[in-house]
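Residue numbers (my numbering), protein chains in the order written: chain A, 50 to 329; chain B, 50 to 329.
No residue lacks a Cβ here, since even glycine has one placed at the ideal position from N, Cα and C.
Quick caveat: nothing in here was measured; it's all calculated off a predicted structure.
Notes follow the structure.
Here's what the structure looks like:
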């Protein structure tokens, strides 16, 4: 039995990504919902779950800061797999509610950001409220007692709307091309498949002109394609960054191994995050 | 009279940054609070306010995505000035409330992120709620009727706590070195002072190995120091990014002007965001 943790409750896109991943695994899988990333990744680090499925970036809203920052910290977790899930958000409310009656909309900040345009056009006067997850938002709309003159709607998944017996007011209310990339974190990364990616995080000495440039040169000189560069504050001072880089190839490829060795020598901080098969 | 817009209500760190900026201006300043970045920047673009003060990045929580993304869009706004404000968050509640009694904490997602460690140590069981601003959180704690068994606290500024007559339970609850960088956006950027920075945003053709590297080379070859590189999704597809780069020097400097000209020629998208004096 493989224990796979994810950010719950049931009905989240994390659960959907977890299910996509579970299908790839041979053997029985137990899916375990967690309330916070911190609890999930602490348990994964202590082997209380075997693997953790976490969202890392969305095509509209960008990086998931809490998860990205945890990757840079000291822990025993490596990236074993990436999963990309298409995201379709729905505007949902209680039975009988019409779009024109909605006065308040609740959701997680990311989906609210993904649906900015729809909301501005269709519900410009609605008051926006923030929740910790889309499922929590839907649950609140399903269970809260209505106040006079206030009609709540939520933004979330169809699965969660069905779970809580809410009505779909509008479909695909998010910006087009909305996808979320998830990572599966485990004790070991993935063996070479010939169609792989690797992820690293590093920091360069501050205010060294060309510092990042010379690091990127290690990859460019070897024609290694970079698929992502993300900067995040190191949390030490403004202007001091960690760089998260994804590159084509596996740590067992000679050129990748050589480039990583050189990068490691020339940075202030380095952490190898894992090699894993590319999402097709 | 110069009209300066900021993200209100009164008591926010944006207002504090606006006041720091107002002191630098000669002549009378009218400070105008806005409810959303979108409204503020729309009015600035249409000249309904002369200048807009917006937060762009925090040393702990990183970029402010909504503002960063607006910079890349078509508009008439240039960066005229940067303002850095030290951020001190306070845990505040109604009079007579003790730390041990607090069951619920409300604040904006960024300050909650800045205070994660304090909350985990001191209020590990507290339920966290999200608000659109620290002032809104404080207002809610000050005005909401208490329910049985539920004691709310907020995280926000001392100024806002005083405004709403709440008691400070704990000071400086955020991570150390907490600073926020604000930008002043106006129709024109700043004349050369000899101690300047410039900001640009660009995108490189997707999956072109070394694409970003060759762009950064234009600066490295001229010994131009880069103080920030931030990637943000272009919102077209996963893996397609805008790069926001800050560099030392003014667009009127010969080397900077030359580098920018070459960058512009070799990217899929380019926008010059402004030259302005460096924060000291």
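Closer than 7 Å at the beta carbon, the chain A residues around residue i
i	result
residue 286 of chain B	108, 226
residue 230 of chain B	287
residue 279 of chain B	280
Range covered by the beta strand (DSSP E) that runs through residue i
i	result
residue 178 of chain A	176–179
residue 225 of chain A	Run containing residue 225 of chain A: none; DSSP gives neither H nor E here.
residue 325 of chain A	318–326
residue 171 of chain A	That residue, residue 171 of chain A, is in no beta strand (DSSP E); its alpha helix (DSSP H) goes 165–171.
residue 202 of chain A	201–205
residue 213 of chain B	From DSSP, residue 213 of chain B is part of no beta strand (DSSP E); its letter is neither H nor E.
residue 100 of chain A	100–107
residue 296 of chain A	290–297
residue 50 of chain B	Residue 50 of chain B -> no beta strand (DSSP E), and no H or E assigned at all.
residue 79 of chain B	78–83
residue 156 of chain B	153–156
Interface partners of residue i on chain B, CB under 9 Å
i	result
residue 196 of chain A	Simply none; closest approach about 13 Å.
residue 158 of chain A	158, 179
Neighbour flag for residue i against chain C, beta carbons, 8 Å
i	result
residue 269 of chain A	The structure shown contains no chain C; its protein chains are A and B.
Own chain, CB closer than 8 Å to residue i, minus 5 neighbours either side, in chain order
i	result
residue 152 of chain A	174, 175, 176, 198, 199, 200, 201
residue 161 of chain B	154, 168, 177, 179, 204
residue 98 of chain B	52, 53, 54, 81, 89, 92
residue 228 of chain B	107, 108, 133, 134, 135, 136
residue 189 of chain A	155, 180, 201, 203
residue 76 of chain B	50, 51
Beta-carbon contacts of residue i that lie in its chain and below 7 Å, excluding the five residues immediately before and after
i	result
residue 318 of chain A	251, 252
residue 150 of chain B	200
residue 311 of chain A	267
residue 88 of chain B	none
residue 283 of chain B	252, 289, 290, 291
residue 230 of chain A	105, 106, 131, 133
residue 140 of chain A	202, 204, 218, 219, 222
residue 119 of chain A	86, 90
Continuous alpha helix (DSSP H) stretch holding residue i: start and end
i	result
residue 187 of chain B	183–192
residue 92 of chain A	86–94
residue 311 of chain A	303–314
residue 69 of chain B	62–73
Partners in chain B for residue i, counting only beta-carbon separations shorter than 8 Å
i	result
residue 282 of chain A	106, 107, 108, 109, 110, 111
residue 307 of chain A	Per Cβ cutoff of 8 Å: no residues; residue 307 of chain A is ~16 Å from chain B at best.
residue 114 of chain A	110, 111, 162
Residue i: contacting residues in chain B (beta-carbon distance under 7 Å)
i	result
residue 266 of chain A	262
residue 259 of chain A	269
Cβ neighbours of residue i in the same chain (closer than 6 Å, five flanking residues each side left out)
i	result
residue 208 of chain A	60
residue 193 of chain B	none
residue 332 of chain A	Outside the shown range of chain A (50 to 329) lies residue 332 of chain A, about which nothing can therefore be said.
residue 295 of chain A	246, 248, 276, 277
residue 67 of chain A	53, 55, 80, 102
residue 212 of chain B	60
residue 301 of chain B	241
Proximity test, residue i beta-carbon vs the ligand FMN heavy atom, cut-off 7 Å
i	result
residue 123 of chain B	Of the ligands one can find in the structure shown there are none, so the ligand FMN has no counterpart to examine.
| query | What are the start and end residues of each continuous beta strand (DSSP E) run of 3 or more residues lying completely inside the region 109–138 of chain A, in chain order? | reply | 127–135
| If contact means a Cβ-Cβ distance below 8 Å, which residues of the region 116–144 of chain A contact chain B? | 133
| message | Report the start-end ranges of each alpha helix (DSSP H) in the region 236–280 of chain B that is 4 residues or longer and not cut off at the edges. | response | 260–269
| field | Interface residues of the region 199–228 of chain A facing chain B [CB-CB below 8 Å] | value | 224, 226, 228
| said: Short of 9 Å Cβ to Cβ, which residues in the region 171–194 of chain A face chain B? | reply: 177, 178, 179, 180, 181
| query | For the region 70–83 of chain A, which residues have a beta carbon sitting closer than 8 Å to at least one beta carbon of chain B? | reply | none
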